[in-house]
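Residue numbers (the UniProt record's numbering): 1 to 365. Report on the following structure.
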Amino acid sequence: KIKEVVYKVLQVCEEKRFVSVSFPAIGTGAGGVSPSLVADAMINAMVDFEKIKKGQSLKSVKIVVFQAGMMADFHRSLKTKEGTDQPEEKSIFSRLKDTITSVFGGTSVPPDVEQDFTIVGEEFAPAIFHFCGESHEEVSKAKKYVQDLIMKEQMEHTIKDSCIGLFTQEDCRKLQDLQKKLTVSIHLEKRGADSVIQLEGLSRDVLTANDSIKEMMRKVESLDRRKREAALVGAMVEWQHDSSGTFLSFDSFTNLILEQAFDNRCAKVEININNLEYTADLTSKEAFSGRQIVKLKRKELKGLPGDWDDMKGSELFEVPLGTSSTEYQRVEAEFRKTGLSNKIIKVLPGHPEQLIVIVGSLVSY
Numbered sequence: 001k002i003k004e005v006v007y008k009v010l011q012v013c014e015e016k017r018f019v020s021v022s023f024p025a026i027g028t029g030a031g032g033v034s035p036s037l038v039a040d041a042m043i044n045a046m047v048d049f050e051k052i053k054k055g056q057s058l059k060s061v062k063i064v065v066f067q068a069g070m071m072a073d074f075h076r077s078l079k080t081k082e083g084t085d086q087p088e089e090k091s092i093f094s095r096l097k098d099t100i101t102s103v104f105g106g107t108s109v110p111p112d113v114e115q116d117f118t119i120v121g122e123e124f125a126p127a128i129f130h131f132c133g134e135s136h137e138e139v140s141k142a143k144k145y146v147q148d149l150i151m152k153e154q155m156e157h158t159i160k161d162s163c164i165g166l167f168t169q170e171d172c173r174k175l176q177d178l179q180k181k182l183t184v185s186i187h188l189e190k191r192g193a194d195s196v197i198q199l200e201g202l203s204r205d206v207l208t209a210n211d212s213i214k215e216m217m218r219k220v221e222s223l224d225r226r227k228r229e230a231a232l233v234g235a236m237v238e239w240q241h242d243s244s245g246t247f248l249s250f251d252s253f254t255n256l257i258l259e260q261a262f263d264n265r266c267a268k269v270e271i272n273i274n275n276l277e278y279t280a281d282l283t284s285k286e287a288f289s290g291r292q293i294v295k296l297k298r299k300e301l302k303g304l305p306g307d308w309d310d311m312k313g314s315e316l317f318e319v320p321l322g323t324s325s326t327e328y329q330r331v332e333a334e335f336r337k338t339g340l341s342n343k344i345i346k347v348l349p350g351h352p353e354q355l356i357v358i359v360g361s362l363v364s365y
């Protein structure tokens, strides 16, 4: 029956020249039909519809799956139809497969591309109360008393933060697990800097979920900051390790660890090479793991200008500029445009990446 209904709807959409249509997971609610059977029936209907080339106007078919557990059934059903012959032009079925494949981490969408999406809060089975009393008035009082208790324990809370936009599919799976564990509805709208999470449920569960989500946000924000730091340092310095006579570059995070240790004048730091723990000696430029010794190399990609003065370990160094110097004249010309009168000096940051961070921060604001 489900297959017939879906097929007929697709036919009607084509006759009406509709471009798109959305289906719920028919029969999985009150119908009590197994999600796997529903998935097979609905997708088989789409495949049959596509085989006879009915889809001239209809370009997009969506299946809205509210329960996270059902997604696996629909994905599994799609995978079984992967070998089905389709027209060369991308079919409805192919587009549907691409959509669900992207949700499950398939190859249709690069895994490092995180798109905007929405998680609909889970709807839990309602509790049913039956009241029996001596009069309608007594029943109404009892009903109101219970309703007041329920409302008193209910709570809604909204979390708005740009770092929610950094959430990955793995983070979203954690949110889905969290709402099942706490019996709290979590509605997520991931749309870049305007991302928002809406919590609804028992007060204690909402507060617990809020704390867990805030911790997730801190970790995501910390990781993003770490990535940006690694990118900045990686543009200036590249640490390498010897591999059978060839020096290979470290990953960005290990490169950051080594350079930060080098800047802080640490003698040794723990790193990972080929999934083995090593102790890097930054003085001798060697890494040790038991009897194994690996040579290290620090390569400056963008060195400091040769005419810069030695800062002698200072974090900040001011250099008076002569009025005849090119730098002085260039800055003076800019100041004259503003009508200001200033003493012109050159300020050197302690580390070249600090200058990039400062400039980058100004640009971002």
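From the three backbone atoms N, C-alpha and C, an ideal C-beta is built for every residue, glycine too. Treat the numbers as computed from the prediction; the structure is a model and nothing was measured.
Taking the Cα of residue 152 as reference, the smallest distance to any Cα among 200, 28, 295 is reached at 200. Where residue 17 is concerned, there is no enclosing beta strand (DSSP E), because DSSP gives it neither an H nor an E. Apart from the 5 residues on each side of it in sequence, residue 242 sits with its Cβ closer than 6 Å to the Cβ of 294, 295 in its chain, given in chain order. Leaving aside the five residues that flank residue 13 on each side, the residues in its chain whose CB is nearer than 6 Å to its CB run, in chain order, 21, 58.
In the DSSP annotation of this structure, residue 287 is not part of any alpha helix (DSSP H); the continuous beta strand (DSSP E) holding it starts and ends at 286-289.
Contact between the region 200-209 and the region 173-186 is present: three or more C-beta pairs spanning the two stretches fall below 8 Å. Under the DSSP assignment, residue 258 falls in the alpha helix (DSSP H) whose first and last residues are 252-263. Residue 178 is positioned such that its CB atom lies closer than 9 Å to that of residue 213. Beta-bridge annotation (DSSP): residue 295 is paired with 286. Residue 188 holds the alpha-carbon nearest to the alpha-carbon of residue 172 among 261, 18, 283, 188. Less than 9 Å separates the beta-carbon of residue 234 from that of residue 256. Between the C-alpha atoms of residue 28 and residue 147 there is a straight-line separation of about 30 Å. In the DSSP annotation of this structure, the continuous segment of the beta strand (DSSP E) that includes residue 249 starts and ends at 246-249.
The beta carbon of residue 161 is closer than 8 Å to those of 195, 217 in its chain, skipping five residues each way along the sequence. Here residue 28 carries a coil assignment [DSSP, helix/strand/coil]. Annotation for residue 220: 163, 166 place their beta carbon closer than 6 Å to its own, counting only its chain and skipping 5 residues before and after.
For the region 142-189, the full-length alpha helix (DSSP H) segments reaching 4 residues or more read 169-182 along the chain. In this structure, the alpha-carbon of residue 139 lies about 40 Å from that of residue 70. C-alpha of residue 2 to C-alpha of residue 128: approximately 30 Å in a straight line. Nearest in C-alpha terms to residue 324, of all of 332, 318, 43, is 332. Between residue 43 and residue 78, the C-beta gap is smaller than 9 Å, which places the two residues in contact.
Per DSSP, reduced to three states, the secondary structure at residue 63 is strand. A residue is called buried when at least 16 other Cβ atoms come within 10 angstroms of its Cβ; residue 19 does not meet this threshold and is exposed. By the 16-neighbour rule on beta-carbons within 10 angstroms, residue 276 is exposed. With contacts defined by Cβ atoms closer than 9 Å, residue 261 and residue 282 form a contacting pair. For the region 191-243, the continuous beta strand (DSSP E) assignments of 3+ residues that do not extend past its boundaries occur at 196-202, 237-243, in sequence order. The beta-carbon distance between residue 272 and residue 246, rounded to whole angstroms, is 19 Å. This is too long to meet the 8 Å contact definition. Residue 279 sits close to residue 268, with the two beta carbons spaced by under 9 Å.
As the crow flies, the alpha-carbon of residue 74 is around 9 Å from that of residue 65.
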